[in-house]
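Student: Residue numbers (the working numbering): 6 to 599. Virtual Cβ for every residue (Gly too), placed ideally from N, Cα, C. Just so it is clear, the structure is predicted and the values come from calculations on it, not from any experiment.
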Amino acid sequence: MVSEKTDIAPDTILVGIGASPGIAIGESYLLDRARARAVERPIRPEEVEREIGAFLDAVSLSKKQLEEVKERVADPQMAEHLYIIDTHLLILEDQMLVDDTIRLIKENMINAEGALKRVLRRFREVFDRIEDEYLRERRTDIDSIGDRLLRNLIGEEQQSLTEVGRKVIIIAHDLSPADTMQMDKERIIGFVTDVGGRTSHTAILGRSLGIPAVLGLETVTGVVPDGLPIILDGTNGTVILNPSPETFREYLDKKQAFEYQERELLAFRNLAAETLDGFRVALRSNVEVIEEIPLAINQGAEGIGLFRTEFLYMNRFTPPTEEEQVEIFREIISKMAPHPVTIRTLDVGGDKLVPEIDLSDEANPAMGLRGVRFSLNEVRLFKVQLRAILRASSYGQVRVMFPMISGMAEISACKKFLMESAEELKNRGIDFDPEIKIGIMVETPSAALIADRLAREVDFFSVGTNDLIQYCLAVDRGNEHVAYLYQPMHPAVLKALQMVAMAASEAGIEVGICGEMAGDPLYALVLLGLGFRELSMNAPGIPRVKQILRQVTHHDGVRLVKDLLKMNTAGEITSHLEKEMYRRFPQLFSVQPI
Ligand code: PEP
Ligand code: MG
6 MVSEKTDIAP DTILVGIGAS PGIAIGESYL LDRARARAVE RPIRPEEVER EIGAFLDAVS
66 LSKKQLEEVK ERVADPQMAE HLYIIDTHLL ILEDQMLVDD TIRLIKENMI NAEGALKRVL
126 RRFREVFDRI EDEYLRERRT DIDSIGDRLL RNLIGEEQQS LTEVGRKVII IAHDLSPADT
186 MQMDKERIIG FVTDVGGRTS HTAILGRSLG IPAVLGLETV TGVVPDGLPI ILDGTNGTVI
246 LNPSPETFRE YLDKKQAFEY QERELLAFRN LAAETLDGFR VALRSNVEVI EEIPLAINQG
306 AEGIGLFRTE FLYMNRFTPP TEEEQVEIFR EIISKMAPHP VTIRTLDVGG DKLVPEIDLS
366 DEANPAMGLR GVRFSLNEVR LFKVQLRAIL RASSYGQVRV MFPMISGMAE ISACKKFLME
426 SAEELKNRGI DFDPEIKIGI MVETPSAALI ADRLAREVDF FSVGTNDLIQ YCLAVDRGNE
486 HVAYLYQPMH PAVLKALQMV AMAASEAGIE VGICGEMAGD PLYALVLLGL GFRELSMNAP
546 GIPRVKQILR QVTHHDGVRL VKDLLKMNTA GEITSHLEKE MYRRFPQLFS VQPI
């Protein structure tokens, strides 16, 4: 497959972000999409009106183009995502974008391109300051709209993906959601970009379409020429340029194995997550944004085990209103029906910062005013959300969950505000489910230690292992220097999990896990053995965990846990577990443990 015409060495490897899994082998198609260049120049007073007119024309033309994209989208799978285009249409109507550009033209006496460029720069700066990955990625929506506007202003045609006439792998600086949405899987077998990350809309759409993608390669458009043989591995984020015949054969095998496994896993989609001895586990999805719902359904999620509402507060400067929240919750509930949706109240603080809530000067944010501590301090905001959750409960099965609970008093306070909110709705004559299930995240060591008492106060527990491990082991979950100490299989963590599961079982309440551990196939048997009845994870993890659960018994898990609990170190436990899982599922754990 090596190309004769290029001076790129055979098997040159580029590493980026694996944004959509799968392997594509084919020829590159370089999309000439360097960002539109805008030149700022001063204007004379008599030119002001003309520049404003040109800007408003570009806004109208951009809207028209996006409306046309909406009409052209043929893939029914993509219909679910058309609201992304609506989001872009809304950006075009944003007062800040339109009014500020016009104001800059008038006040600074500069041309429309220059004024627009300055406004876009300001938008980008705001987004760049955001720590949260998902939100920061929303900058790409602004970039893509800004680029369209600038091109329309300058009168520069954009090379369109619909012109691609043969099977290719697209290489582009960036792809807008509008581009991705129109991709025809028969012709575009993969895509690679300079910018973007795992949670960009383009990545989400790529996963939804099942087109492998590697993003964030920074300079790929400067390196890869048109028509070069390449291999893209969207699972581990690599792109191999000019593959040698050996590499080509190796990846052809990998591609076949991947596609075979995917087909096998899909066969599990509509089957229950039930063990050989009839122990039923609910596999649910964690969701941050509504875009993830189609994927959750597609992977067979039996509901949402964790809806992280903080994301509703993040891409804006004022908190969402009660109505706005009800609307979003209602949409998720109706899409997931008849399955339950667990809505977690705002969990800001720690590493999750929201623009309008200034918590940045805390010396120790992970132990500061985060989760329910923040909500109990900001009762007005808290009650707006509680009313929205209650109202949403009239549309389907909803459960409300409180994060970062560290003691009984916090549960009492949360329940008091929930009751007050219910009373307010009753007075307004608004419907809600008076029997709404109330649960807590168990993610602080104090909550785990008094789980028996907390269990008497709530309907369910969901263990947040991401935080529980961090607080149990005193290891910052985001600090790479101590990452080696972040050990899910530390005996202390195992013991804490056992205590929580036992406390729930004795009190007869439901118990699940919604931290990352729940979606890691390595831990499926352990969590089953500990007695967790709900595992909530990122949707793509569901089929593999289900595959494991369907081939073991509950008793297998209990026996394994018994053995693990006798061991003294995380290393010992992990190594024993890895060997056991490899022995049982060599095809799933393809690397043999040492
Ligand atoms: C957790 O802590 O495990 C959890 C699921 O919550 P988050 O990651 O949002 O803190
Ligand atoms: Mg947490």
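Mind checking R156: buried by the 16 CB within 10 Å criterion, or exposed?
Tutor: buried
Student: Along the beta strand (DSSP E) that carries D601, what are the first and last residues, could you check?
Tutor: There is no way to answer for residue 601, as the model of the chain reaches only from 6 to 599.
Student: I need the DSSP call for R349, collapsed to helix, strand or coil.
Tutor: strand
Student: In whole angstroms, what is the alpha-carbon distance linking E585 and M572?
Tutor: 15 Å
Student: With a threshold of 8 Å, are at least 3 pairs of Cβ atoms found where one atom belongs to the region 472 to 491 and the other to the region 381 to 398?
Tutor: Inter-segment contact for the region 472 to 491 and the region 381 to 398 is absent: fewer than three beta-carbon pairs are separated by less than 8 Å.
Student: Between E521 and the ligand MG, is the CB less than 8 Å from at least one heavy atom?
Tutor: no
Student: In whole angstroms, what separates the C-alpha of Q475 from that of V447?
Tutor: 13 Å
Student: So R328 is in the alpha helix (DSSP H); what residue range does that whole segment cover?
Tutor: In the sequence as displayed, the identity of residue 328 is Glu instead of Arg. Note, E328: alpha helix (DSSP H), E327 to M341.
Student: Taking the alpha helix (DSSP H) that M406 falls in, what are its first and last residues?
Tutor: First-last for M406: V403 to F407, but that is the beta strand (DSSP E), not the alpha helix (DSSP H).
Student: Closest to S25 by CA distance: which of G211, K190, D179 and P250 is it?
Tutor: G211
Student: Between which residues of its own chain and V64 is the CB-CB distance below 6 Å, once the five residues before and five after are set aside?
Tutor: The residues are L97.
Student: Please report the distance separating the alpha-carbon of S165 from that of N247.
Tutor: Distance from the CA of S165 to the CA of N247, rounded to the nearest whole angstrom, comes to 26 Å.
Student: Helix, strand or coil: which one does DSSP assign to R285?
Tutor: Under the three-state reduction of DSSP output, R285 falls in the strand class.
Student: When DSSP builds the beta bridges, which residues end up paired with Y256?
Tutor: According to DSSP, which records beta bridges pairwise, Y256 is partnered with nothing at all.
Student: Looking at C-alpha atoms only, which residue of P591, V228 and R555 is the closest neighbour of L276?
Tutor: R555
Student: Taking 8 Å as the cut-off, does the region 343 to 352 touch the region 397 to 413 (at least 3 CB pairs, one atom from each stretch)?
Tutor: yes
Student: Starting from K584 and walking both ways along the beta strand (DSSP E), at which residues does that stretch end?
Tutor: Careful: K584 lies outside any beta strand (DSSP E), inside the alpha helix (DSSP H) at A575 to R589.
Student: With three or more beta-carbon pairs closer than 8 Å as the criterion, would you say the region 537 to 544 touches the region 557 to 571?
Tutor: No, because fewer than three Cβ pairs between the region 537 to 544 and the region 557 to 571 fall closer than 8 Å, the two stretches do not touch.
Student: Are there any heavy atoms of the ligand SAM lying less than 8 Å away from the beta-carbon of G201, as far as the coordinates show?
Tutor: Judged by which ligands are present, the ligand SAM is missing from the structure shown, whose ligands are the ligand PEP and the ligand MG.
Student: Which partner residues does M446 have in the DSSP bridge list?
Tutor: S467
Student: Beta carbon of N543: closer than 8 Å to some heavy atom of the ligand PEP?
Tutor: no
Student: Name, in chain order, the residues that DSSP records as bridge partners for E32.
Tutor: P234
Student: Per DSSP, which residues does R623 bridge with? Please list them.
Tutor: There is no way to answer for residue 623, as the model of the chain reaches only from 6 to 599.
Student: Could you spell out the range, first to last residue, of the alpha helix (DSSP H) harbouring A177?
Tutor: First-last for A177: V173 to A177, but that is the beta strand (DSSP E), not the alpha helix (DSSP H).
Student: Just the C-alpha distance for I147 and E583, rounded to the nearest angstrom, thanks.
Tutor: Between the alpha carbons of I147 and E583 lies a gap of roughly 44 Å.
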